[in-house]
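Written out below as structure tokens is the structure these notes cover.
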Amino acid sequence: VAFKANNFILSIIHSIFSSLDTSPYGTSTNTLKTDFSIEIKSLAKDTKTSITTRLAGDQWIVDSYLIINRKEFPAITMLNGKVLVCGGIAPYNDGTLVVPFCEIYSPSNRKWRETADMNVERKELTLTSLLNGRNILAVGGSRNELDAYTAEIYYIDMNIWLFVPNIIKTRPSEHTATLLKNGQILIVGGRSSFEPPISSAQLYIPSSNTFVTVGSLKVGRYGHIAILLKDNLSVLIIGGYNFNVPPPPPPPPEIYMTGSWHDTIGDMIQRRLYCTAVLLHNGNVLVAGGVDSNSNTLSSAEIYSFTTGKFSPIQPMGCARSHFTLTLLPTGLVLAVGGKGPAIDECPRVSELYNSTTNQWMSTRLLNTGRHKHNAVLINNSVLVLGGFVDDDTYQYACERYDL
Numbered sequence: 001v002a003f004k005a006n007n008f009i010l011s012i013i014h015s016i017f018s019s020l021d022t023s024p025y026g027t028s029t030n031t032l033k034t035d036f037s038i039e040i041k042s043l044a045k046d047t048k049t050s051i052t053t054r055l056a057g058d059q060w061i062v063d064s065y066l067i068i069n070r071k072e073f074p075a076i077t078m079l080n081g082k083v084l085v086c087g088g089i090a091p092y093n094d095g096t097l098v099v100p101f102c103e104i105y106s107p108s109n110r111k112w113r114e115t116a117d118m119n120v121e122r123k124e125l126t127l128t129s130l131l132n133g134r135n136i137l138a139v140g141g142s143r144n145e146l147d148a149y150t151a152e153i154y155y156i157d158m159n160i161w162l163f164v165p166n167i168i169k170t171r172p173s174e175h176t177a178t179l180l181k182n183g184q185i186l187i188v189g190g191r192s193s194f195e196p197p198i199s200s201a202q203l204y205i206p207s208s209n210t211f212v213t214v215g216s217l218k219v220g221r222y223g224h225i226a227i228l229l230k231d232n233l234s235v236l237i238i239g240g241y242n243f244n245v246p247p248p249p250p251p252p253p254e255i256y257m258t259g260s261w262h263d264t265i266g267d268m269i270q271r272r273l274y275c276t277a278v279l280l281h282n283g284n285v286l287v288a289g290g291v292d293s294n295s296n297t298l299s300s301a302e303i304y305s306f307t308t309g310k311f312s313p314i315q316p317m318g319c320a321r322s323h324f325t326l327t328l329l330p331t332g333l334v335l336a337v338g339g340k341g342p343a344i345d346e347c348p349r350v351s352e353l354y355n356s357t358t359n360q361w362m363s364t365r366l367l368n369t370g371r372h373k374h375n376a377v378l379i380n381n382s383v384l385v386l387g388g389f390v391d392d393d394t395y396q397y398a399c400e401r402y403d404l
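See the structure below:
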């Protein structure tokens, strides 16, 4: 209770700053332009040339403030257009705490409000909307120094969380959960504190409220990416760790197709950890950034072709980054935001747009404050970025908005 009270007081302070058209970060909440520009030099080790980009001073809008600042949490846009965030790691006294707390963002008034808490505190969990749009499945996640071996359902209309009766194979943290066309949810990989990465996969069956096992990955992994392909039944698995103690060699890509696992026709151009990927309007998959097995931050990008099953390289991003977000916009462009780059790189503030027609990246507006391990959601004609780290020990209350 004290934890939530302290964070609530801070959120009120932030709201006061917002109403005064200023913020504790020194940025007007209504200002789109600034009179400065910065020069970015990419220090990525995966490209042969140094890329220098000069950026104008256009910036994101400081939109709102989380009630509880957090990292390593999921965010999901609900059918009603509101955004739900749950769990994660939050600062507490001189340390941190894994929390069960949830909050909801309303685009109509651009404010956050508390909602029902999960039954178990979790970080690195997944939130997945069921096909009916009225229920949300939360799976796994670490529970402080224990592992959460459970799943629970959020019933939006009743504002209550209830446990799923059983979970066959544990999904403690850093797994993926993907909604399939038939309404089932594919849960892949993950890890617990003292066990090898999980290779098995499961399906959540909404009609019976149970999990069933559906074969195993050829290589167990955690911290990977799962992308539902354009047939709405196949799922592409990219990257991740396959050992509990990094740095391991990144595992090869695999594809799930109706109960079985297959290799892709071609390997990735660059196997990656902490990369990001997104399904494009043309059915291909954009994969970008991350780090290699030697902990070098990557700026390189590549395309997975749904038609050929092969990967091909494209122009690298202007910034090397990991732990960032890619968001597909209604225009077909892809927005890359934030991330963690080389120590002296300013890239955590830099946003870039990818054009799938030209296979080119171009710089766009600057974040007011750089961040990584954040979330980004598309709401109407805006992208909202929330949470994450400003640096290695500073959490970010402010949510920023990119209007299209």
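Mapped onto UniProt numbering, the consecutive letters of the sequence shown carry residue numbers 1 to 404. For glycine and all other residues, C-beta sits at the position ideal for the given N, C-alpha and C. Owing to the predicted nature of the structure, the values given are computational and were not obtained by experimental measurement.
Legend entry - Helix, strand or coil at C275 [DSSP, three-state]: coil
Legend entry - Contact the segment 213-220 vs the segment 265-285: 3+ CB pairs below 8 angstroms: no
Inset, instruction - Could you check the C-alpha separation between V337 and L328 for me, to the nearest Å? - result: 12 angstroms
Legend entry - Distance between P252 and K230 (C-alpha atoms, nearest Å): If I take the Cα positions, the gap works out to 21 angstroms.
Inset, instruction - Please determine, among T369, V377, N381, the residue with the shortest C-alpha to C-alpha distance to Y397. - result: T369
Legend entry - Reference N242, options G223, I68, N93, closest by Cα: G223
Inset, instruction - Any chance you could list the alpha helix (DSSP H) runs of at least 4 consecutive residues sitting entirely within the segment 152-228, in chain order? - result: For the segment 152-228, not a single whole alpha helix (DSSP H) run of length 4 or above is found.
Inset, instruction - Measuring alpha carbon to alpha carbon, tell me which of F324, M317, R272, N284 ends up nearest I307. - result: According to the sequence as given, residue 307 is Thr; it is not Ile. T307 has its Cα closest to that of N284, out of F324, M317, R272, N284.
Legend entry - Helix, strand or coil at A398 according to DSSP, with G and I counted as helix: strand
Legend entry - Where P91 falls: helix, strand or coil (DSSP): strand
Legend entry - Collapsed DSSP secondary structure at R113 in the structure displayed: strand
Inset, instruction - From the DSSP output, read off the bridge partner residues of W361. - result: Y354
Inset, instruction - Just list the beta strand (DSSP E) runs in the segment 55-82, keeping only unbroken ones of 3 residues or longer that don't cross its boundaries, in chain order. - result: With a minimum length of 3 residues, the continuous beta strand (DSSP E) runs that stay inside the segment 55-82 are 61-65, 75-77.
Inset, instruction - Report, in whole angstroms, the separation of the C-beta atoms of F163 and N132, which I expect to be a contact under 8 angstroms. - result: So it is not a contact: roughly 19 angstroms between Cβ atoms.
Inset, instruction - Can you grab the Cα-Cα spacing for the pair S108 / P206, in whole Å? - result: Straight-line Cα distance between these residues: approximately 31 angstroms.
Legend entry - Sequence-distant residues of its chain with Cβ nearer than 6 angstroms to L179 (five each side left out): In chain order, T128, I185 place their CB closer than 6 angstroms to the CB of L179, counting only its own chain and leaving out the 5 sequence neighbours on each side.
Inset, instruction - Could you round the C-beta distance between L286 and Y354 to whole angstroms and report it? I think they count as a contact, below 8 angstroms. - result: 6 angstroms
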